[in-house]
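Below is one structure, written out as structure tokens, with a few remarks after it.
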Amino acid sequence: MIASSVDNVTRVLSMNEFAGRGAGSGRRAFVRGMTAVAATSCIRRPQAAGSRARLAMLVPASEREVWSPLADAFERSHPSTRVHLVEGPSSTDLRENLYTASLLAGDDSFDLVLMDVTWAAKFAAAGWLAPLDAAFGREAQEAFLPQALEAGRYDGRLYRIPMRTDVGVLYFRRDWLDQAGRQPPRTFEELAQAARALQDPPHRWGFVWQGSQYEGLVCFFLEVLRGHGGFWVDAATLDVGLDRPESVAALEFLRGARLEQPISPPGVTTYKEEESRRLFQDGRAIFLRNWPYVWRLAQAADSPLAGKVGVQAMVSVSGQPGAGTLGGWGLGVSRYSPNPDLAVAFIRHATSIDGQRALCRTSGYVPARIQALEDPVLLGANPFLATLRTIHESAVARPGLPRYALASDILQRRLSAALAGMASASDTLRTAARETRQILEGSAGRGDP
Amino acid sequence: MSAARGRLLLLAPAALLIGVVVGLPVLRVLQLSFTRVELQQGISEQWAGLELYGRLWQDSRYWTSLGNTSVFTGASVALETALGVAFALVLHQRFRGRGALRAVVLLPWALPTAVMALAWAWIFNDAFGVANDALRRLGVLEHPVAWLGESATAMAVLVLADMWKTTPFVALVVLAGLQGIPESALEAARIDGLTSWQRFRFVVLPLLTPALLVAVVFRAVQAYGAFDLVYVMTGGGPGGSTETVSLYSFQQYFRYLDFGYGSAVATQGVLFALLPLLLLLRWAQRGEVR
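Chain order of the listed sequences is A and B.
Its first residue numbered 2, the first sequence is counted upward by one per residue in my numbering.
Its first residue numbered 6, the second sequence is counted upward by one per residue in my numbering.
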């Protein structure tokens, strides 16, 4: 009877639904792992035509247009080389998984590794990246924004050269503040006051940000934390600052913004960048914490916000300009690449002033080379760069730990629980601090200098 | 050649395939779960005995994820089974447009989970979501609710999305079972003067048990391994209140590169899932023997 029922069902259903789904959790995870590996081996380099060397890298499919002028120019100056831009998913996590699966298998699918600011330590610790100190001497290094460059250093050696950088900023509706005769806020208190005075929920909210349980929450919290004078983990001493009073005050501010005297919508705990930006773009929020990409969208000709938006660094308790969390993308060289010298040449080309112009002019990305930030061509195309340059100087970097992902997940979970009202600020941060110390101790003594 | 040997020979290709595709990976996961995998100048593997399983006992995040997975599995399978049987009974009737309706009911099942999960996440978005808008127009809600932002409602929404997606599967299996029930048995029941409820309770349901069992076992195993739905809709949040065992072991593998511990999480999770399933199957077998 069972058999005949199954027969009846399988007649209607395709077999692969069963194959893909009829697995327990363990097998499930493994199947996924295998799929990722299979996916990377499918995009293994095509057979080289003749003797042309190949340089492959995985880029988000949406960035292909940005990268191809760079690749074309490189091919012109290196006629025997072909740059193979492999189009990957737009999700950062998924691309990290693809790189991880490929590097773990030790295969040479990718010569260049396009890395988020937080991957470098983990990939370097796993021994997947070639050190770049010899190729990029002190003078070459000094050409980059120091914060962006340092993010690529692990255990005293350089593994990642920054291509473009990102920094968290605070957007506000200048028109509404002007109408109310208010100045842009400098402290958290002023921000909350202005938000309360001008908001009209649920049609118009005071302050929207990224509160979902994911990396973006950590980025935003670090800014609020720095604004309160606190810190997360000191990468040099491995000190953990999460249970200090400044940290509690920072989290209390965010909890208050959602729970006690709401200036943020209840759903802010589910928002990532786009959810929060849409509210702002629709004219339904006064303040928005986000990345520089919002500026171009807000100022676009068909945007209802054109000319009405101001931008500044995150506020602080003291009233001094606060800090934005540093993001950005850089290039490293895979240890398994058969053409490491060519890969280095490509990085040099991409980070040259011409390369930076090609990369940033139409895309609006923020270049990592200092000279490019002062470049009249780029400034002409995007005057916003001048503002970002100043905000960048006080940027706060996420600690370069090999176990960064674990530390970040601890913080994400605890912050998210506190914001959802499941735990108090001080309790949750005490737990987070304890858990963070545990994992840092676990990794200490394992080859730390 | 003897018949027995001939049978073995015919089975060999399938057995080999299953061995390579399923057996080897399972063994590797099992082996990894007894291995300390360290990430320092490359990946090194060291025999760890039961150390990783010991770590599991003290890992509150693991127990939370196990609890979440159980709640999700229990709620979604129970609701889907009830609803699926109801659907199947309707689709079993003869009426105009039955073929079309059967196709429509199957649609959610055919949709990729990640796509439909994204759609559900927007439906339950607090500011732009259809759910809040509809409920407020109906006067049920005064203020928009952040469905995915509170632990209780987030889990409920996940269960709802899973129901939407997989109730068709239960309906389909049960429908197949219904079609296997001989018309003569129902005829006899009708002649004996049973009401329609009595016919369902005492004739249809007992004959349907094997099909129901297939549906429940498949659904339970599937729900227990829930990954994509949760990954897309909540990422395990808020505060880890919707993180499933699959998601946790995935994080261990791919984010923390701790393949040993990830394997221990997965293995232990499977053991916990096997226990109730074995009990269920035993109970069902006994019923069949009787």
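Don't be surprised by glycine CBs; every beta carbon is placed ideally from N, CA and C.
> Can you tell me whether DSSP reads residue 264 (chain A) as helix, strand or coil?
Replying inline: The three-state secondary structure of residue 264 (chain A), taken from DSSP, is coil.
>> Under 7 angstroms, Cβ to Cβ, is there at least one residue of chain B near residue 280 (chain A)?
In response: yes
>> In chain order, what are the residue ranges of uninterrupted alpha helix (DSSP H) at least 4 long that sit wholly in the stretch 160-202 of chain A?
In response: Fully contained in the stretch 160-202 of chain A are the following alpha helix (DSSP H) runs of length 4 or more, in chain order: 175-180 and 189-199.
> What are the start and end residues of the beta strand (DSSP E) that includes residue 287 (chain A)?
Replying inline: 286-291
> residue 29 (chain A) to residue 229 (chain B), Cα distance in whole Å?
Replying inline: The predicted position of residue 29 (chain A) is uncertain, since its pLDDT is 38 and thus under 50; a value taken from the coordinates is nonetheless stated next. Looking at the two C-alpha atoms, the distance is approximately 10 angstroms.
> In this structure, does DSSP put residue 240 (chain B) in helix, strand or coil?
Replying inline: coil
>> Please report the straight-line C-alpha distance between residue 324 (chain A) and residue 142 (chain B), rounded to a whole angstrom.
In response: 42 angstroms
> Applying a beta-carbon distance threshold of less than 7 angstroms, which residues of chain B neighbour residue 276 (chain A)?
Replying inline: 130
> In chain B, which residues lie less than 7 angstroms from residue 407 (chain A) when you measure between Cβ atoms?
Replying inline: 261
> With distances taken between CB atoms, is the gap from residue 264 (chain A) to residue 207 (chain A) smaller than 7 angstroms?
Replying inline: yes
> Rounded to whole angstroms, how far is the Cβ of residue 379 (chain A) from the Cβ of residue 390 (chain A), which I believe are closer than 8 angstroms?
Replying inline: Contact annotation, residue 379 (chain A) with residue 390 (chain A): C-beta distance approximately 11 angstroms; criterion of less than 8 angstroms not satisfied.
> So which residues of chain A does residue 149 (chain B) contact, with C-beta pairs closer than 8 angstroms?
Replying inline: Within 8 angstroms Cβ-Cβ: 203, 266, 267 and 268.
> According to a CB-to-CB cut-off of less than 8 angstroms, which residues of the stretch 131-142 of chain B neighbour chain A?
Replying inline: Hits within the stretch, in order: 131, 132 and 133.
> So which residues on chain A does residue 48 (chain B) lean against when the C-beta distance must stay under 9 angstroms?
Replying inline: Within chain A, 105, 127 and 128 have C-beta atoms less than 9 angstroms from the C-beta of residue 48 (chain B), given in sequence order.
> Relative to the C-alpha of residue 258 (chain B), which residue among A:200, A:99, A:194 and A:237 is closest?
Replying inline: A:99
> With residue 146 (chain A) and residue 371 (chain A) assumed to form a contact (beta carbons below 8 angstroms), what rounded beta-carbon distance in angstroms separates them?
Replying inline: 6 angstroms
> Roughly how far, in whole angstroms, is the beta-carbon of residue 131 (chain B) from the beta-carbon of residue 154 (chain B), given that I think they are within contact range, below 8 angstroms?
Replying inline: 7 angstroms
>> Taking contact to mean 3 or more Cβ pairs, one atom from each stretch, closer than 8 angstroms, check whether the stretch 233-250 of chain A and the stretch 397-408 of chain A are in contact.
In response: At 8 angstroms Cβ cutoff, the stretches touch.
> Does any residue of chain B bring its CB to less than 7 angstroms from the CB of residue 417 (chain A)?
Replying inline: yes
>> Three or more C-beta pairs under 8 angstroms: does that hold for the stretch 86-96 of chain B against the stretch 149-164 of chain B?
In response: no
> Is residue 410 (chain A) closer than 7 angstroms to residue 309 (chain A) when the C-beta atoms are compared?
Replying inline: It is not a contact, given that the beta carbons lie outside the stated cut-off.
>> So residue 211 (chain A) contacts chain B; which residues on that side make the cut at Cβ distance below 8 angstroms?
In response: Within 8 angstroms Cβ-Cβ: nothing; residue 211 (chain A) doesn't reach chain B, min ~12 angstroms.
>> Let's test the definition: count the other Cβ atoms within 10 Å of the Cβ of residue 63 (chain A) and tell me whether it reaches 16, buried, or not, exposed.
In response: Residue burial annotation: residue 63 (chain A) is exposed, with fewer than 16 other C-beta atoms found within 10 angstroms of its C-beta.
> What are the partner residues of residue 328 (chain A), as DSSP defines its beta bridges?
Replying inline: A:167, per the DSSP bridge assignment.
> Hey, is the stretch 102-117 of chain B in contact with the stretch 241-253 of chain B, meaning 3+ C-beta pairs nearer than 8 angstroms?
Replying inline: no
> Run through DSSP, which three-state label would residue 337 (chain A) get?
Replying inline: coil
>> Let me see if you follow: with CB-CB separation under 7 angstroms, is residue 92 (chain A) close to chain B or not?
In response: no
> To which residues of the same chain is residue 289 (chain B) closer than 8 angstroms at the C-beta, ignoring the five residues directly before and after it?
Replying inline: 214, 215 and 218
>> In this structure, how does DSSP classify residue 75 (chain B) when only helix, strand and coil are distinguished?
In response: Looking at residue 75 (chain B) - three-state DSSP - the assignment turns out to be helix.
>> Quick check on residue 263 (chain B): buried or exposed, where buried means 16 or more other Cβ atoms within 10 Å of its Cβ?
In response: The residue in question, residue 263 (chain B), is buried, as its Cβ has 16 or more Cβ neighbours within 10 Å.
>> Counting only Cβ pairs nearer than 7 angstroms, list the residues of chain B close to residue 421 (chain A).
In response: 154, 155, 156, 243 and 244
>> Looking at the secondary structure, which residues open and close the alpha helix (DSSP H) in which residue 127 (chain B) lies?
In response: First-last of the alpha helix (DSSP H) with residue 127 (chain B): 118-128.
> Quick one: Cα of residue 131 (chain A) to Cα of residue 256 (chain B), how far?
Replying inline: Rounded to whole angstroms, residue 131 (chain A) to residue 256 (chain B) spans 26 angstroms at the Cα level.
> Smallest Cα separation from residue 345 (chain A): which of A:269, A:361 and A:163?
Replying inline: A:163
>> Could you tell me the alpha carbon to alpha carbon distance between residue 239 (chain B) and residue 54 (chain A), rounded to whole angstroms?
In response: In a straight line, the C-alpha of residue 239 (chain B) is about 43 angstroms away from that of residue 54 (chain A).
>> Determine, for residue 44 (chain B), whether the minimum Cβ-Cβ distance to residues of chain A falls below 7 angstroms.
In response: yes
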